[in-house]
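Chemist: Sharing a structure, written as structure tokens. Questions coming.
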Amino acid sequence: MKSRWIIFIVGAATVGMLTLAMNSRPLEIEYHKYSLERLHVAIYDEPTVTSGGLVGYGDGNQFERQEQHCNRLATLGYFFHKRYDMDKLPDTGEVHSAFWQLVQNEFPNRRYPTLSYPDNVLEVWDLAECEAEWDEFVDRHNVPDFADRFIVKTQK
């Protein structure tokens, strides 16, 4: 009688482990998506004030963890990760700010693009099906006459 219970328990455990193994990719994707959401809240929804009165968001460790989760989602095929060298953009703070505003306006619900300054490298982690949309956006805006075409001049 005991041997039947042992066989039943071992069999049930084996079936459970196989089921978990077959469904581990979606579970891992959900884990990383959830972790990214929690990090985003921790980084951006709760500003920190230093002793000098400066307000900042997050710390280096949180940004590193965010990047690790994004990279893992890219490895799993849920995200794509690409670095766009915006080498045709004029190297000015005004152009940099205007381009970043365009990114925010065109992709309002995307949380994982970054734009470095002064080298103007746009780094994107986004849903895999959105890669063509980003490629088209970069092709349309990575132009030498960006300031003339996309920055509204105010008259004094």
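Numbering (the working numbering), first residue to last: 1184 to 1339.
Where is the CB? At the ideal position from N, CA and C, for every residue including glycine.
Keep in mind the model is a prediction, meaning the values are calculated, not measured.
#1: Could you check how far apart the C-beta atoms of Leu1285 and Val1278 are, in whole angstroms? I think they sit under 8 Å.
#2: Using the Cβ count rule (16 or more neighbours within 10 Å means buried), how would you classify Phe1329?
#3: Measuring alpha carbon to alpha carbon, tell me which of Asp1302, Trp1188, Val1307 ends up nearest Asp1270.
#4: How many whole angstroms separate the CB atoms of Lys1265 and Glu1314, which I take to be in contact at a CB cut-off of 8 Å?
#5: Quick one: what does DSSP say Asp1309 is sitting in, helix, strand or coil?
#6: Is the beta carbon of Phe1263 closer than 8 Å to that of Lys1324?
#7: Can you check whether the C-beta of Thr1258 is within less than 8 Å of a C-beta belonging to chain C?
#8: Is it buried or exposed, Trp1188, if we count other Cβ atoms within 10 angstroms and call 16 or more buried?
#9: DSSP three-state call for Lys1216: helix, strand or coil?
#10: At what residues does the beta strand (DSSP E) containing Leu1298 begin and finish?
Modeler: On the basis of the data shown:
#1: Not a contact, Cβ separation roughly 10 Å.
#2: Taking all protein chains shown into account, Phe1329 has 16 or more neighbouring C-beta atoms within 10 Å of its C-beta and is therefore buried.
#3: Comparing Cα-Cα distances from Asp1270 to each of Asp1302, Trp1188, Val1307, the minimum goes to Asp1302.
#4: About 7 Å separates the two Cβ atoms, so the contact holds.
#5: Strand.
#6: The amino acid occupying residue 1324 in the given sequence is His; Lys does not appear at that position. No, the Cβ-Cβ distance between His1324 and Phe1263 is not below 8 Å.
#7: Structure shown: chain C not included; a single protein chain is present.
#8: The Cβ neighbour count for Trp1188, taken over all protein chains shown within 10 Å, is under 16; the residue is labelled exposed.
#9: Lys1216: helix per DSSP, three-state reduction.
#10: DSSP places Leu1298 in the uninterrupted beta strand (DSSP E) bounded by 1296 to 1298.
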